[in-house]
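Counting in the working numbering, the sequence shown runs without a single skipped number right up to 537 at its last residue. A virtual CB, placed ideally from N, CA and C, is assigned to each residue, including glycine.
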Amino acid sequence: MPAHQLAAILPEREFVLYQAYAVKRMLPQRRQEMYLAQICSVLAQVHSNTDVSVMDFLFDPVEEIELDEDEVLAHFDFKPRNKG
Numbered sequence: 454m455p456a457h458q459l460a461a462i463l464p465e466r467e468f469v470l471y472q473a474y475a476v477k478r479m480l481p482q483r484r485q486e487m488y489l490a491q492i493c494s495v496l497a498q499v500h501s502n503t504d505v506s507v508m509d510f511l512f513d514p515v516e517e518i519e520l521d522e523d524e525v526l527a528h529f530d531f532k533p534r535n536k537g
């Protein structure tokens, strides 16, 4: 159930208790995701020579790194030519 629906039907005290439970024990969907990620991590470690972690198999979005255009151009030694 989305948070806005819970806010409409749950008293504030129960909402705070539910939030504390979610932090302490994780919600069922998150627990299931963690269990599946652990299984995938173990299987990947057993069947390959690469280093993997549980974080590689979670659905958490990765924060994008902001790159400075000048640094990127300097890194690739980009020197555009003038047409003419």
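Put simply, the stretch 466-473 does not touch the stretch 485-494. Fewer than three CB pairs are less than 8 Å apart. A distance of 8 Å or more separates the beta carbons of phenylalanine 512 and cysteine 493.
DSSP places proline 481 in the uninterrupted alpha helix (DSSP H) bounded by 481-500.
Rounded to whole angstroms, alanine 473 and alanine 527 show a C-alpha spacing of 48 Å.
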